[in-house]
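Visitor: Residue numbers for the sequence shown follow full-length UniProt numbering, beginning at 1 and rising by one.
The C-beta atom is built at its ideal place from N, Cα and C for all residues, glycine as well.
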Amino acid sequence: MAIARPIRVLAMAAVVLWVFFLYQIFGPTRYPKGPGDRVTLKNMDRDPNLDLTGEPEDSLHRKDEGYEPGEAGTARINATILSVVRNSEVDGMVQAMRDLEQTWNSKFNYPWTFFNDEEFTEEFKTRTQAETKAKCSYELIPKEHWDVPSWIDDGLFKESLKILEEKNIQYSGMVSYHQMCRWNSGLFYKHPALENTQYYWRVEPKVHFFCDVDYDVFRYMQDYNKTYGFTINLYDDPESIPTLWPQTMKFVAQHSEYLHENNAMNWLSDSVRRPEHNIKAQGYSTCHFWSNFEIGDMNFFRSQAYEDYFNHLDRAGGFFYERWGDAPVHSIALGLFEDASKIHWFRDIGYQHIPYFNCPNSPKCKGCMAGRFTDGEAFLLKEDCRANWFKYVGMG
Ligand SMILES: Nc1nc2c(ncn2[C@@H]2O[C@H](COP(=O)(O)OP(=O)(O)OP(=O)(O)O)[C@@H](O)[C@H]2O)c(=O)[nH]1
Ligand SMILES: [Mg+2]
């Protein structure tokens, strides 16, 4: 039976439209391509990772200056790469080590220190040590640093876990996740194995490093008087920290002497961008340095200000009754008690912890796309808080 031509054309058009419609829904996610697109970066004219990135300063220490493994490495300063990790994550740890050794540490041979709440297995030790010429140490976290503290009410904790899980707060149902966040917040730098160590670089299993870094990053921190370095700057889930800011304000009211005159309060309390986050977190923007990457000076955490702040938070119970993360806790303390000019964006260190990247535009980088913030769904783009850091503090 012959079909009239107009009907055929209409049917064809319907098929084409249908295919286009399916492609829009199931096709690849599109990302901002550059200067014209400001989905992520409302306050930024242009993502700085699209600009060519070099090293941070002229005077830097290089691998030929005495960084051989062992005693011969006299140029190394008092620093370690560190990781708190489970035996079951050995594959991810080996992969992360391989990336960091290849891009940086094989030139400088800084020691690795691994922490665990259980004894490390022989397999873990053998496989990680095989990835580096540097010394690896394997440390048990003392029970009194890891256990849920005595003042946490068991019944209230169990009830809180249920509520947190109902709110779908990631990992909030795992008691160990709460313990890990508390340990990373206020206890890691008190481990006896770090007693004589000042600087640390925190690494998690499965993270990636993309760019050759050809200078001693720890020496950079020391020489240029930096306290803390980050790569990724994010919004947090306000539901995980509803009383963190009110508790912080209570502490600050009692200890205004700890506020630094050049603090980053504006970044912490911004309500212009994502006002609903500020409201839910009761005055906190929720912006934080993503602490799975941190390069820091432990003297900051060992200061009286931080000690008092951590103890105040610890007593308030929010590591357990809520799901306070070490990222907002470190970030709030740094933002309030430290000179903001001592906090450094390591824009030249290409980095990924799923699902976010710091990906500079540099011939030293391989395997990540300059300026890409996420390879996840497009809705994640709004989690980027770098724009506010640059707006209120700068790019130093
Ligand atoms: N030893 C030990 N390490 C832990 C435990 N829980 C978490 N960790 C480590 O703490 C770090 C953070 O935990 P993750 O599970 O990566 O938490 P996250 O980064 O918020 O979540 P992901 O997105 O799944 O990576 C990682 O280095 C883990 O290996 C634990 O119970 N024991
Ligand atoms: Mg992780």
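Consider the C-beta atom of residue 86 and the heavy atoms of ligand 1; say whether any pair is separated by less than 7 Å.
Guide: Taking non-hydrogen atoms of ligand 1 into account, the C-beta of residue 86 is found less than 7 Å away from one of them.
Visitor: From the DSSP output, which residues share a beta bridge with residue 84?
Guide: Looking at the DSSP output, residue 84 bridges to 115.
Visitor: Could you say which of 393, 386, 396 lies nearest to residue 44 if we only look at CA atoms?
Guide: 386
Visitor: With 16 as the cutoff for other CB atoms within 10 Å, does residue 172 come out buried or exposed?
Guide: Under the 10 Å beta carbon count, residue 172 is surrounded by 16 or more other beta carbons and is classified as buried.
Visitor: Are there three or more Cβ pairs, one per stretch, closer than 8 Å when the segment 108 to 128 is compared with the segment 58 to 68?
Guide: In short, these stretches touch, since the Cβ pair count reaches three.
Visitor: Any chance you could list the beta strand (DSSP E) runs of at least 3 consecutive residues sitting entirely within the segment 236 to 293, in chain order?
Guide: none
Visitor: Which stretch, first to last residue, makes up the beta strand (DSSP E) that contains residue 358?
Guide: 356 to 358
Visitor: Could you check if residue 114 is buried or exposed, using at least 16 other CB atoms within 10 Å of its CB as the buried criterion?
Guide: buried
Visitor: Using a Cβ-Cβ cut-off of 7 Å (strictly less than) and excluding sequence neighbours within five positions of residue 221, which residues of its own chain qualify?
Guide: Taking C-beta separations shorter than 7 Å and ignoring five residues to either side along the sequence, the partners of residue 221 in its chain run 199, 229, 295, 297, following chain order.
Visitor: Could you check if residue 180 is buried or exposed, using at least 16 other CB atoms within 10 Å of its CB as the buried criterion?
Guide: buried
Visitor: Spell out the partners DSSP gives residue 52 in its beta bridges.
Guide: 361
Visitor: My assumption, with CB atoms under 8 Å, is that residue 244 sits in contact with residue 328. Please give the rounded CB distance.
Guide: With a Cβ gap of about 6 Å, residue 244 and residue 328 count as contacting.
Visitor: Using three-state DSSP, classify residue 60 as helix, strand or coil.
Guide: coil
Visitor: For the segment 367 to 378 and the segment 237 to 254, state whether three or more C-beta atom pairs, one from each stretch, are separated by less than 8 Å.
Guide: no
Visitor: Sort out for me which residues DSSP pairs residue 202 with in a bridge.
Guide: 82, 294
Visitor: Check for me: the alpha helix (DSSP H) holding residue 332 runs from which residue to which?
Guide: 326 to 337
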